[in-house]
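Take a look at the structure below.
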Amino acid sequence: MEKYINEVLADKIIAGEGNLFGAGLLKDNGKIAYCAEAKVYYSENSNWMAQFRRKFDEGVAHAQNSGVFRAGSEEKAGCKFGMAVLSYLVNQKYYMEIADFIGESLFKWAGYLLGRSYKWLKKEWILNLTNNHAYWSK
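To convert, note that position 26 of the sequence shown is 86 in my numbering; the numbers rise steadily by one, no gaps.
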């Protein structure tokens with residue numbers, strides 16, 4: 061286990077550590093188990109720009125690790141989820157939340173797309189878009 065933590069989760073990873081860890085484990089014939097009783101508590105209350113930066117870093121990770129992250133699958137899953145949430149908001153008549161959801165989703169999508177295209181951006185821009193300045197200072 062320590063091998064994977066040192067090699068896969070090192071400072072050189074900008075985002076997607078869990079996926080990269082699992083891929084490395086499977087590549088070396090390790091195993092991953094599903095535990096139905098597992099509980100994960102996750103809460104995030106960040107603004108649109110923080111979401112943009114997080115998604116920018118995820119886009120960079122996906123661009124740099126295309127062998128782990130299949131092109132298109134993340135986008136399709138995100139769109140499907142977004143449409144389900146939008147449908148729920150409309151059906152529940154949460155009209156005020158619809159504009160906020162669409163705005164936040166557009167920020168996240170733009171961050172992700174820019175992250176996937178980071179190779180064409182100036183380093184100065186990247187430093188303004190990322191959430192992980194330490195990664196870019198190496």
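By construction, the Cβ of each residue, glycine as well, lies at the ideal position given by its N, Cα and C atoms. Everything numeric in this text was worked out from a predicted model, so none of it was measured.
Check: Going by alpha carbons, who is nearest to Met109 out of Ala137, Phe141, Ala170 and Lys99?
Finding: Locating residue 109 in the sequence shown gives position 49, where the first residue counts as 1. Residue Ala170 is the option with its Cα nearest to Met109.
Check: Do Ser126 and Arg114 have their C-beta atoms within less than 9 angstroms of each other?
Finding: Stepping through the sequence shown from its first residue, residue 126 is reached at position 66. Stepping through the sequence shown from its first residue, residue 114 is reached at position 54. Against a cut-off of 9 angstroms, the Cβ pair of Arg114 and Ser126 comes out as no contact.
Checklist line | Residue-chain proximity (Ile74, chain C), Cβ-Cβ < 9 angstroms | finding: The structure shown has no chain C; it contains just one protein chain.
Check: Is Val184 helix, strand or coil by DSSP?
Finding: Within the sequence shown, the letter at position 124 stands for residue 184. For the sequence presented, residue 184 should be read as Glu rather than Val. Glu184: helix per DSSP, three-state reduction.
Notebook entry, point to check: In terms of residue numbering, what span does the alpha helix (DSSP H) encompassing Ile162 cover?
Noted result: What you label residue 162 is simply residue 102 of the sequence shown in a count that begins at 1. It spans Tyr155 to Arg176 - the alpha helix (DSSP H) in which Ile162 sits, taken as one unbroken run.
Next item on the list: Have a look at Phe129 and His122 and give me their C-alpha separation to the nearest angstrom.
Entry: Residue mapping note: residue 129 aligns to position 69 of the sequence shown, counting from 1. Residue mapping note: residue 122 aligns to position 62 of the sequence shown, counting from 1. C-alpha separation (whole angstroms): 6 angstroms.
Note to self: Which of the three DSSP states is assigned to Asp117 in this structure?
What the structure shows: Position 57 of the sequence shown, counted from the start, is the residue given in the question as residue 117. Helix.
Check: What are the boundary residues of the alpha helix (DSSP H) that Cys139 is part of?
Finding: For the purposes of this step, residue 139 is taken as residue 79 along the sequence shown, with counting starting at 1. From DSSP, the alpha helix (DSSP H) with Cys139 extends over Ser133 to Asn151.
Checklist line | Nearest to Gly78 (by Cα), restricted to the options Glu97, Glu118 and Ile162 | finding: Counting from 1 along the sequence shown, the entry for residue 78 is found at position 18. It is Glu118.
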